[in-house]
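Protein chains in written order, with numbering that gives the first Met the number 0: chain A, 0 to 100; chain B, 0 to 720. Even for Gly, the Cβ is constructed at its ideal location relative to N, Cα and C. Bear in mind that the values here come from a model prediction, so they are computed numbers and not experimental data.
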Amino acid sequence: MDLTRLPNDKKLQLCRWYFKVGCLLLPFVWAVNAVWFFKEAFMKPPYDEQKQIKKYVVMSATGAAVWVAALAVWVTVFQLQRVAWGPTGDSLSFIVPLGRA
Amino acid sequence: MASFSYKVLLLILCTFTLAHSERLHEQIYSSIEGGAACFRRLNGTHQAGCSSADNGAVGVVHMIKEINDAQWLVQNGSAGPYMAVVSTVQFYDVIEIFMQQPENVAGILLYDNATDSPTAFSQESRCPNEYSSASGSTCSSTVAGGIVWNTKGTGLLRRDIPFPIFYLPQSKSDEIDKIQLCYEKFNLDKSNQKGNPLCSLQLNSFMFAAVNSEVCLRRSASSALLNPTKVCDPLGDNNVYYSLFPRTEETKSSKPVTLVTARIDTASLFDGVSPGAASSVVGMVTLLTAATTLSQLIPAKDAHLYEQNVLWTLFNGEAFDYIGSQRVAYDISKGMWPAAAPLSPADIRLHVEIGQIGGALSNTNNDSSWPFHAFVPYTNIIPEINEFLDMMTSNAKPYNTPVITPEFTMNLPPSSLHSFRRILKNVTESGELPEVLLADHSNTFTNLFYHSALDEYGKIYFSYKNLTISNTGVFISTDELLANGTLKQGDPQVKIARLATTLARTLYQTVTGSAYSGNISASAHLVDEMLYCFLQSQACRLIMAADYASGGGSSPPASAAPLYVGVAAWAGTAPVFAAHLLALLTGAQLPANRTVCDSLAEPGFSYYWLRGWNHSGVCIQTTMNMSAAVSPAFAITDYDLKSGVYSSWTESVWQAMSARVFVSAGGGGAGAAAAAGATVTVLAALLTYWLHRHADRIFAAPAASIVNDDAASGILRTVNC
Chain A
0 MDLTRLPNDK KLQLCRWYFK VGCLLLPFVW AVNAVWFFKE AFMKPPYDEQ KQIKKYVVMS
60 ATGAAVWVAA LAVWVTVFQL QRVAWGPTGD SLSFIVPLGR A
Chain B
0 MASFSYKVLL LILCTFTLAH SERLHEQIYS SIEGGAACFR RLNGTHQAGC SSADNGAVGV
60 VHMIKEINDA QWLVQNGSAG PYMAVVSTVQ FYDVIEIFMQ QPENVAGILL YDNATDSPTA
120 FSQESRCPNE YSSASGSTCS STVAGGIVWN TKGTGLLRRD IPFPIFYLPQ SKSDEIDKIQ
180 LCYEKFNLDK SNQKGNPLCS LQLNSFMFAA VNSEVCLRRS ASSALLNPTK VCDPLGDNNV
240 YYSLFPRTEE TKSSKPVTLV TARIDTASLF DGVSPGAASS VVGMVTLLTA ATTLSQLIPA
300 KDAHLYEQNV LWTLFNGEAF DYIGSQRVAY DISKGMWPAA APLSPADIRL HVEIGQIGGA
360 LSNTNNDSSW PFHAFVPYTN IIPEINEFLD MMTSNAKPYN TPVITPEFTM NLPPSSLHSF
420 RRILKNVTES GELPEVLLAD HSNTFTNLFY HSALDEYGKI YFSYKNLTIS NTGVFISTDE
480 LLANGTLKQG DPQVKIARLA TTLARTLYQT VTGSAYSGNI SASAHLVDEM LYCFLQSQAC
540 RLIMAADYAS GGGSSPPASA APLYVGVAAW AGTAPVFAAH LLALLTGAQL PANRTVCDSL
600 AEPGFSYYWL RGWNHSGVCI QTTMNMSAAV SPAFAITDYD LKSGVYSSWT ESVWQAMSAR
660 VFVSAGGGGA GAAAAAGATV TVLAALLTYW LHRHADRIFA APAASIVNDD AASGILRTVN
720 C
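Shown next, in the form of structure tokens:
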């Protein structure tokens, strides 16, 4: 969809919709929203709905960043600690590696 | 004309097929057939044995002729990692060098040289089953020096080896010649290896299990939806037992038993190569022969005349922390063994273990001597044991062999007595369950190939005589064979037969209360056949006669049955052979046809329809039975595998084991290809850039109308979106 061909109220509606969908534990939707509407929110000359779009873009970007940080921390901790956790580590694993701890 | 073109086409096709019949990878790799790989076993706390990487271990071939070669490999080798090709003679001297500095070692290919064989070779610990020993054992594998049972043991069987090891037996010496040729062609210039094509080896023996038994069993059991891989199995098989007289719930308490035990299994580092001649087979054959002889001395129908019984038992899995005997001792302590008429420790009058015998046969192969040691783990006098040893000595007199030296010590050699002493501690240590162990060594093993791939029939100087057995199953007597020169006094067949006779007559005296005065003795002919069955070929007369008649008549392979205990989920053939031999040789032949035989059910007996001596089928009534030789660790729910109370050995699962040799590229070709690729890419980029800049020189300017047409640009935009 080409944003430039969309009226401003539809843009806001779309941006809000993406933000709400992202609330269903879908950080990637937030990330898409933030990137997609970044130009609309910060680069385009001002228009009525821009302030709201800006708000959703910032919230989506922050949410996605928090998710990325949380996942990165979890992956690091899991990879480093899986062996030490023993049975818990194994039961948290989808694929248990063969031939090593 | 048409047929002519077909012929031409066919000819072209044929030439094509002939010229390109070999696949590319067959032109590059030459596989090494007949090798046996070292594999991984795990216990409650550790992993032991070898594994390669998932896609195999690759290394440059280096033939180890002396210790210096091994030192050069780990310290100065520049084109590493290396694959050390070592003979069994060199192995003991170089293995520690590789184990200490494994960084430059990709793996080891071990081969047995026909012309040069080692004087000792054992991958078992210096103190076998050290951590399952009863109190009083002084052997320690961790302390350097000291008196240990297995002096030349490397302990590799119980250590985690950081690289794969493959073993090539003598019969595969052509594979070694192949590697030697390749090595001499490419690798001899040791100072100039880097960057040149080199003869290399790939060993593939990737093991699924890791860490310890607890972890691998947990991973095997986890019901992950997409990942139901089994990574390890508990070790185990079957114990075999047989009583002289039937034991039922009604008669069992009235007749105390003498328990006579030996073991079936042996071990080695390598998959499928565990001959175990002196480690276990001589002991097992002695027990089977003595049981056969005793059944001839005392007919089973005379059971009502005597107040005593003899229970012969063969344990399995003893190499791995006494799996079979631990289970039996545990079951006795719970009142569950044998299943039909459980034995209580008080019912056992005496326990005689035929331990490791056979090692001394190699030192005494020229004369009739075979010195024995009877280990008695008591400091006070136990009348039953003294009586037994006196009877053994007096019954051995006619042969001047065996001479038995009593050893009163708490430091027992590795044997199943350790299990009984640990698990039935209260009754054994008080002397209420008198125990004695027969072995042909004293402080250190006489068998220098304990639990190894080289513990073969040649090491006990056994040579098969291939004598015919009569249709009625009568064996030629030892005296006759000695008289006609077929056997000599020094032959293992004669010595084992005499030991079995002595043991059988002693047990006769125990049961009947009077010395044997007849002339029945164990036949060296039977021993000859039995040794051949267990050491050389399953396709032997005894096993053919003792097989199920319903077996379909397919002949078993002409190689010895594997004596390694294997995994519990898979019943081994060796205990089945031993069980059937006991049934055939000691059981009563009934005049019944197959349907009648299958329907018989007298308590205390079982019935087998076996092929018999003339292969026409015979109904055997026997007291022989089998019981599970699976460690109590796997039978007790919620058992802590780390506790070390019972054997907790498991064996890893693997998918494939293979070895192949090839010439690895020097790296020059690959470097040239990369450089050429980079150059071409840069040139192409420059050319494209130049073309882009000077496009107007080649292409005419496009018509203005196309670019400026609004409708067209709209369409393009829509498409772009």
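Query: What first and last residue would you give for the beta strand (DSSP E) that runs through B:D236?; Result: G235 to S242
Query: Pick helix, strand or coil for B:T717, following the three-state DSSP scheme.; Result: Its pLDDT being 48, under 50, B:T717 is placed unreliably by the model, and the measurement read from it follows with that caveat. Residue state, collapsed to three classes: helix.
Query: Which partner residues does B:D176 have in the DSSP bridge list?; Result: Note: B:D176 sits in no beta bridge, so no partner.
Query: B:C138 to B:S554, Cα distance in whole Å?; Result: 45 Å
Query: Does any residue of chain B bring its CB to less than 7 Å from the CB of A:Q12?; Result: no
Query: For B:M206, list the residues DSSP reports as bridge partners.; Result: B:W653
Query: Output yes or no for whether 7 Å exceeds the beta carbon distance between B:A628 and B:N238.; Result: yes
Query: With A:A33 and A:A60 assumed to form a contact (beta carbons below 8 Å), what rounded beta-carbon distance in angstroms separates them?; Result: 4 Å
Query: Is the distance from the Cβ of B:A373 to the Cβ of B:P413 below 7 Å?; Result: no
Query: Looking at the secondary structure, which residues open and close the beta strand (DSSP E) in which B:Q325 lies?; Result: No beta strand (DSSP E) contains B:Q325, which is instead part of the alpha helix (DSSP H) from I322 to S332.
Query: Under 7 Å between the Cβ atoms of B:Y166 and B:F269?; Result: yes
Query: Skipping 5 residues on each side, what residues in its chain have a beta carbon closer than 6 Å to that of B:A700?; Result: none
Query: What are the residues that DSSP puts in a beta bridge with B:M62?; Result: B:V84
Query: State the DSSP-derived secondary structure class of B:H524, mapped to helix, strand or coil.; Result: helix
Query: With distances taken between CB atoms, is the gap from B:M390 to B:I403 smaller than 7 Å?; Result: no
Query: Residues in its own chain within less than 6 Å of B:G472 by CB, not counting five upstream and five downstream?; Result: W612
Query: Which of the three DSSP states is assigned to B:Q100 in this structure?; Result: coil
Query: Ends of the beta strand (DSSP E) at B:G48?; Result: Q46 to G48
Query: Could you tell me how far apart the beta carbons of B:I459 and B:G354 are, in whole angstroms, since I believe they sit closer than 8 Å?; Result: Contact flag wrong, Cβ pair sits at about 15 Å.
Query: Find the nearest neighbour of B:F533 within the set B:L200, B:G145, B:P574 and B:S30, judged by alpha-carbon distance.; Result: B:P574
Query: Could you please give me the residues that DSSP links to B:Y547 through a beta bridge?; Result: B:L609
Query: Mind checking if A:G98 is an interface residue toward chain B, Cβ cutoff 7 Å exclusive?; Result: yes
Query: Rounded to whole angstroms, what's the CA-CA distance from A:I94 to B:A655? Just pull it up for me.; Result: 21 Å
Query: Excluding the five sequence neighbours on either side, which residues of its own chain have a C-beta within less than 7 Å of the C-beta of A:R15, listed in chain order?; Result: Y55
Query: Nearest-angstrom Cα distance between B:P337 and B:L313?; Result: 13 Å
Query: Classify B:H350 as helix, strand or coil using the three-state DSSP reduction.; Result: strand
Query: What would DSSP say about B:T585, mapped onto helix, strand or coil?; Result: helix
Query: Can you check DSSP and say which residues form a bridge with B:G256?; Result: Per the sequence shown, the amino acid found at residue 256 of chain B is Val instead of Gly. For B:V256, which the question treats as bridged, DSSP gives the partners B:N308 and B:I347.
Query: Using three-state DSSP, classify A:R99 as helix, strand or coil.; Result: coil
Query: On the DSSP letters alone, give me the boundaries of the beta strand (DSSP E) that B:T445 sits inside.; Result: Here B:T445 belongs to no beta strand (DSSP E), and DSSP marks it neither H nor E.
Query: Taking the C-alpha atoms as reference points, what is the distance between B:E727 and B:Y110?; Result: Residue 727 of chain B falls outside the range modelled here, since chain B spans only 0 to 720, and no answer is possible.
Query: Would you mind telling me which residues of chain D sit closer than 7 Å to B:V210, beta carbon to beta carbon, in chain order?; Result: You won't find chain D in this structure, because its protein chains are A and B.
Query: Is there a Cβ from chain B that is less than 7 Å from the Cβ of A:R15?; Result: no
Query: On the DSSP bridge list, what partners appear for B:S124?; Result: Answer by DSSP bridge pairing: none, since B:S124 is not bridged.
Query: Nearest-angstrom Cα distance between B:A671 and A:W35?; Result: 46 Å
Query: Apply the 10 Å Cβ neighbour rule to B:D478 and answer buried if 16 or more other Cβ atoms are within range, or exposed otherwise.; Result: exposed
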